[in-house]
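Under the numbering used here, the first residue of the sequence shown is numbered 2, with each subsequent residue one higher.
C-beta atoms are modelled at their ideal positions from N, C-alpha and C, and glycine is treated no differently.
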Amino acid sequence: MRWDKSCLWFILFAAFIFGGSTLWCPVDASDGEDGLKVDGDFRYRYERIDQEDKDVYDRHRLRARVGLAAMVNDQTHFFLRLASGSTDPISTNQTLDDASSSKGIWLDRAYLDIRPVQTPGLNLMAGKISNPFYTPQKSQLIWDGDLNPEGLAAKFSHGKGALKLFASGSGWIIDNRKAESDVFMYGLQGGINREFDEQDLNLTAGASFFSYTELKDKPLLMSDSFGNSTPDDAADIYANEYTLIEGFFKAAFSVARRPVALFADFVTNTDPSEENVGWMAGVEVGKAMRPGTAKVSYNYRELQRDAVLGIFSDSDFAGGGTNAKGHQISVVLKLMTNLDAGAIFFANTRGIADGEDGLDYQRLQVDLMSKF
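In structure tokens, the structure reads:
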């Protein structure tokens, strides 16, 4: 079994390199526009967490990210990003403590992005990549926005005018185990975008399939199950596999010259027969583009215990993981060019599968954000 999966990865990589080579023609790098692009962002955050069974917790945090984009040739780009934080795969936040000690910088992204000139709309990526899968209005129901997976991916979009199609496929290396079978995630996604100019309406809809390998009855990927089922409270193994089917929808339009977006995201895990559904629905009004403008967004979601793999879902909602439900409301105000102020409030319930009412969980985040 392990050799078969190794062969599969070899085939995927060979197809990525040699199959892709038939899609582009050699171009001298001097024919293109040489150069480097540096960008980044910084966020200062005050955060207050009030959970029913714990003391109220206040903290100050920062996030700093610096990215580099380099043109290798006319068809290949290299992307590198360094970030604050820790080894946590879904957070680049750094808590300010430890007597003003120096803080660490980590490799957040490092990948090649090949864009064959003879196949417009195709992107082939390899390395520690940005998440290749579309999420409606940056939904974090399945994936936290800070997740940068490791492996191979291909993205394709096609269409001119009002109708566009898009698709993505990816293979992620989740855990390389010496004594056990390795853990991978294979994903496919397809969607459609339709513009209705006369009605000032834009619709996006699609579906995804994500399959993790070798999780059931195998050790937890981290020291915590993050809400996922284990055979008993003391167990450190997964009780289920995670084979997910997702459907998503977004409608964007204007009301009184203000942009409005309605969005929904639904996911189910096909392995367990219960506690296997997650969903989100929300609305966003406005856009923080010019100084003095703002956007407000709201969503409600429920994420049952085994709907998704908890280590990768939103790290802020209900404290991270699954087995939770509740509200999220946020506002962003443009103060000046490249400088925003914002606030996010979570009113959630943790432990919704535990046979009781669960525990109240509230979280307030106040941000000052800049980018360059």
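Within its chain, find whatever has a CB closer than 6 Å to the CB of residue i; leave out the 5 residues flanking it on each side and keep chain order.
| i | result |
| --- | --- |
| E53 | L360 and D361 |
| I312 | L222, M223 and F227 |
| D272 | N241, E242 and T244 |
| A71 | L37 and F79 |
| M370 | R44 and D341 |
| L202 | F254 |
| L372 | Correcting the residue identity first, residue 372 is Lys in this sequence and not Leu. So the qualifying residues of the chain are D42 and N339. |
| F197 | none |
| L310 | Y243 |
| D368 | R44, R46 and G343 |
| P232 | A240 |
Sort the options by Cα distance to residue i and report the nearest one.
| i | options | result |
| --- | --- | --- |
| A168 | S140, V332 and S209 | S209 |
| L189 | I130, V286, D42 and G170 | G170 |
| N74 | G122, R110 and R116 | R116 |
| A344 | Y45, S212, G152 and K104 | Y45 |
| D176 | E215, D145 and L166 | E215 |
| L334 | S298, T323 and S103 | S298 |
| F249 | S131, A265 and T350 | A265 |
| P260 | G86, Y112, M186 and Q138 | Q138 |
| S140 | A84, F318 and T338 | F318 |
| S103 | L63, V39 and R110 | L63 |
| S331 | P220, H159 and F346 | F346 |
| A206 | P232, G192, S371 and E276 | G192 |
| K219 | F254, R258, R178 and I143 | R178 |
| E285 | D42, F254 and Y112 | F254 |
| A65 | E276, G86 and T323 | G86 |
| N324 | V67, L142 and D99 | L142 |
| E247 | E151, Y135 and F197 | Y135 |
| G152 | E181, F185, L166 and A180 | F185 |
| G322 | D198, Y301, A282 and N229 | N229 |
| A282 | R291, S274 and A262 | A262 |
| E303 | L310, D225 and G327 | G327 |
| V57 | K372, Q200 and R364 | R364 |
| W173 | Y213, E199 and E181 | Y213 |
In whole angstroms, what is the alpha-carbon distance linking residue i and residue j?
| i | j | result |
| --- | --- | --- |
| V268 | S316 | 18 Å |
| F211 | I106 | 31 Å |
| D358 | G352 | 8 Å |
| Q442 | L83 | Given that the chain is displayed from residue 2 to residue 373, the structure contains no residue 442 and the question cannot be resolved. |
| C26 | H78 | Note that C26 scores 49 on pLDDT, short of 50, meaning its location in the model is unreliable; the coordinates nonetheless yield the value given after this. Spanning the two alpha carbons is a distance of roughly 16 Å. |
| D183 | G293 | 51 Å |
| M337 | A295 | 12 Å |
| L69 | G41 | 9 Å |
| I50 | N349 | 11 Å |
| G33 | G320 | At G33, the pLDDT of 40 sits below 50, so the modelled position is not reliable and the matter cannot be decided from this model. |
| L108 | L81 | 8 Å |
| L123 | R258 | 34 Å |
| P121 | S158 | 8 Å |
| E276 | A354 | 8 Å |
| F67 | D89 | Per the sequence shown, residue 67 should be read as Val rather than Phe. When rounded, the distance between both Cα atoms is 18 Å. |
| S131 | N149 | 5 Å |
| Q200 | V118 | 35 Å |
| G287 | S274 | 40 Å |
| L166 | K55 | 48 Å |
| S101 | V39 | 28 Å |
| R291 | D99 | 38 Å |
Tell me which same chain residues have a C-beta within less than 7 Å of the C-beta of residue i, skipping the five on either side of it?
| i | result |
| --- | --- |
| P133 | M126, A154, K156, S169 and S171 |
| L164 | R195 |
| V278 | T269, Q305 and A308 |
| G128 | A111, Y112 and L113 |
| K161 | none |
| D147 | I91, S92 and T93 |
| N300 | M281, A282, G283 and Q329 |
Hey, would you say the C-beta of residue i is under 7 Å away from at least one heavy atom of the ligand NAP?
| i | result |
| --- | --- |
| S331 | Although the ligand NAP was asked about, the structure shown includes no ligands whatsoever. |
Using 8 Å for Cβ pairs, my map puts residue i next to residue j. What's the rounded Cβ distance?
| i | j | result |
| --- | --- | --- |
| S314 | D145 | 6 Å |
| D341 | A289 | 6 Å |
| E48 | Q329 | Their Cβ separation, rounded to whole angstroms, is 14 Å, which puts E48 and Q329 out of contact at 8 Å. |
| Y239 | K217 | 6 Å |
| A252 | L204 | 5 Å |
State the beta-bridge partners of residue i as determined by DSSP.
| i | result |
| --- | --- |
| L69 | V39 and L81 |
| Y362 | Q52 and N349 |
| D114 | H78 and M126 |
| P260 | S255 |
| E151 | K129 |
| Q95 | L63 |
| M281 | D266 and R302 |
| G320 | According to DSSP, G320 bridges with nothing at all. |
| L189 | G170 and F210 |
| V297 | V286 and V332 |
| N241 | Its beta-bridge partners do not exist; DSSP assigns none. |
| A342 | L334 and L369 |
Using a Cβ-Cβ cutoff of less than 8 Å, which residues in the same chain neighbour residue i once the five nearest sequence positions on both sides are dropped?
| i | result |
| --- | --- |
| H61 | Y45, R46, Y47, E48, T96 and L97 |
| E181 | E215, K219 and P220 |
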